[in-house]
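Residue numbers (the numbering used here): 8 to 329.
Below: the structure, in structure tokens.
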Amino acid sequence: MISRLSFLADPMIVVLLFATVLALIVPAAGEARGAAQIISNTGIFVLFLVNGMRIARGEIARGLANWRFFGPLFLWVFGAMALAGFGFSLIAQLALPPLVALGFLYLGTLPSTIQSATSYTSLAGGNIALSVVGAALINIGGVFLTAPLFAALGGGSAADIGSETIVRIGLILILPFVIGQALQGWTIDWLKERKAQVAWLDRFVIGIAVYVAFSGAVEQGLATMFDITAWAALLGLVVAFLIVGTGGAWLTGGLFGYSRADRIAFLFAGAQKSVAIGAPLAAILFPPSAAGFVIAPLLLYHLLQLVWAAPLASRLAAHSPQ
């Protein structure tokens, strides 16, 4: 029983669960919601500033040179997975509230998560260097691609990516990242020595974004919109999406003739989805009354991908040639 719950040892899962439960019990409402939104946006700015400082420009350059691996990876993450999310959102409309159904499209357009993709690639005996650079490049691409891709596929039902939203994305996500890249010559070593503190900054900022989003959803009646049938449909669809993402990434790596180590790196970089990008970006794209519904599939997917990835990585490691 303990081993089955080992995923709770991941601090990120504990933070997400705490933020969700806190929003259900004490949602930020009225003036408190405005203050919480300001704190969330400030935290997101700092988070992307630090991200720019810690992703080495040399790694980005080396990754861009390896087009045979990263070209298909970009097409998989922002092409195939985005289209799969669009298809799942259409199916989800039959059983779920419209904003939650739209969340599958949002999930499909998100980049992969750097930390867990790299960790599970290492555990499975994959190419760690490719995984680190691949996940980093995908995350950088997500800052620029997720919002317009989501808007293009979602049409009128998606977020309104107007000039005001573009300015917010530029000021809160892109500007701090660019500043961080410019400053990293003075900061990257300092940050490497403080990995634990930086990891908690990630968790804190993501937790606030999730809390603000779910507070808005609670005010809109989240608890009364879902019966047991809707919860079962949401869980079933997220599991199915995870199977499509994982199985499709593995098969795609095989179709391109990658070595086993490279194929494992492609699997985890292609199938994992980033709440570190998803929650902050949702806080910018959607009003609090909608964001909590839209990120519901993402939070469940994030939980399940960690539960799924550990035994999968162990199985791949056990079958790797010695």
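A virtual CB, placed ideally from N, CA and C, is assigned to each residue, including glycine.
Source: prediction; values computed, not measured.
Test item: CB-CB of residue i and residue j under 7 Å
i	j	result
I145	V84	yes
V301	L97	no
V219	Q44	yes
A131	I271	yes
V217	A26	yes
P287	I51	yes
G187	G59	yes
L6	L249	With the chain represented from 8 up to 329, any question about residue 6 goes unanswered, as that position is not in the structure.
S296	T120	no
I291	I176	yes
A283	D209	yes
S123	Q279	yes
A224	G299	yes
L244	A99	yes
Straight-line Cα distance separating residue j from residue i
i	j	result
V246	N134	26 Å
R11	I20	Model confidence at R11 stands at a pLDDT of 46, short of 50, so the residue's coordinates are unreliable; what they give is reported in the following sentence. Cα to Cα, the separation comes out at about 14 Å.
A317	Y127	7 Å
M8	L241	Low local confidence applies: a pLDDT of 39 at M8 is under 50, so the model's placement there is unreliable, with the coordinate-based value given in what follows. Going by the C-alpha atoms only, they are around 25 Å apart.
F76	R61	23 Å
G260	R267	9 Å
V212	T236	32 Å
R201	V57	12 Å
G94	G161	11 Å
P105	Q191	42 Å
L54	G255	31 Å
Y265	E226	49 Å
L31	A39	15 Å
A63	V185	12 Å
L306	L23	8 Å
P18	K199	20 Å
F273	G86	15 Å
F111	L80	20 Å
P183	A72	25 Å
A203	T194	16 Å
G78	F293	30 Å
Reference residue i, options the options, closest by Cα
i	options	result
V28	S222, T49, A290, W315	S222
L156	G92, V205, I215, G255	G92
V150	S138, L178, A35	L178
L367	A239, G255, T253	There is no way to answer for residue 367, as the model of the chain reaches only from 8 to 329.
A136	A276, L292, A289, A42	A276
L82	S123, I195, P118	P118
D269	Y113, I32, P18, V139	V139
F263	E38, W74, L23	W74
T116	S123, A89, A63	A89
G252	H309, A298, A42	H309
V174	A189, A159, A154	A154
A289	G78, G41, L114, W207	L114
Range of the contiguous alpha helix (DSSP H) that encloses residue i
i	result
V212	202–226
W238	235–262
P105	105–116
V333	Any question about residue 333 goes unanswered here, given that the chain covers just 8 to 329.
I46	38–61
G78	74–82
G277	267–278
G177	Premise fails: G177 is in no alpha helix (DSSP H) and is neither H nor E.
T120	Counting along the chain, T120 falls outside any alpha helix (DSSP H), and DSSP gives it neither H nor E.
P287	282–292
G86	Segment: none, G86 is in no alpha helix (DSSP H) and carries neither H nor E.
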